[in-house]
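The structure appears right after this line, and notes come after that.
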Amino acid sequence: MQRLVSIKLSAAELEGMLEVPDGASKVVLFAHGSGSSRFSSRNNYVASELRKAGIGTLLMDLLTAPEEANYPVRFDIPLLTTRLGLACDLLRTEPETLSLPVGLFGASTGAAAALQLAAERLSDIASVVSRGGRPDLAGKQALATVRAPTLLIVGGHDDGVIGLNQEAFAALNCEKELAIVPGATHLFEESGTLEKVARLARDWFAEH
């Protein structure tokens, strides 16, 4: 099943693509990073690999076009968390996903929103994966509250961000893992590195 879905805001609408393979046992909601959208080639690649493993995916725009053009809004983690929550609510209204466990995949600032939502909805979020994320932006209180098993993936050449992920990892009190992909920079553009991310995410969501 593949279907365009939407979330109505007061003066705008956010669109997303929901794809659920036959017999899916879970669904993963993607939280995009700053300056990205549901058309992110990297997230779409990861999503396609998840679907091959029988996992449904929802790639959702979290900001409107005017909001995307406003640079500070891209880093408004509470706003991104609220929008991600609306997308999670949407999954509970779609017949193909209303009873499926929900995982979150966050990239860049989207990782912080994913972790904040996991802290707010302890019983609703089954697992979390962060790719090249800024989980530190979720805040130490939220990180300490998260109970969903969490995987942080960071590139071995992503200078500075490795340390921020290590700090966030230390603050988490849930089942957790920090995976450093050798040779990868922030966007995982190097040969084979995004494939490694997809395998790590697939295995984490399959297990949790």
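Take any residue in the sequence shown, count from 1 to its spot, add 444: that is its number in our numbering. Each residue gets a CB set at the ideal place from its N, CA and C atoms; glycine is no exception. Here the structure is a predicted model, which means the values were calculated and not measured.
Cα-Cα separation, valine 641 to threonine 589: Between valine 641 and threonine 589, the C-alpha separation is close to 25 Å.
Using DSSP with H/G/I as helix, E/B as strand and the rest coil, what is leucine 506? DSSP places leucine 506 in the coil class of the three-state scheme, outside both helix and strand.
Coil, strand or helix - serine 484 by DSSP: coil
Please report the straight-line C-alpha distance between leucine 544 and aspartate 647, rounded to a whole angstrom. 17 Å
Unbroken beta strand (DSSP E) runs of length 3 or more, entirely within the region 601-645: which are they? DSSP runs (the beta strand (DSSP E)) wholly in the region 601-645: 620-625.
Taking histidine 652 as the reference, give the member of Ala531, Val573, Ala491 and Lys584 with the closest Cα. Val573
Would you check if there are 3 or more beta carbon pairs closer than 8 Å linking the region 478-498 to the region 525-532? In this structure the region 478-498 does not touch the region 525-532; the number of beta carbon pairs closer than 8 Å is below three.
Could you check if lysine 470 is buried or exposed, using at least 16 other CB atoms within 10 Å of its CB as the buried criterion? buried
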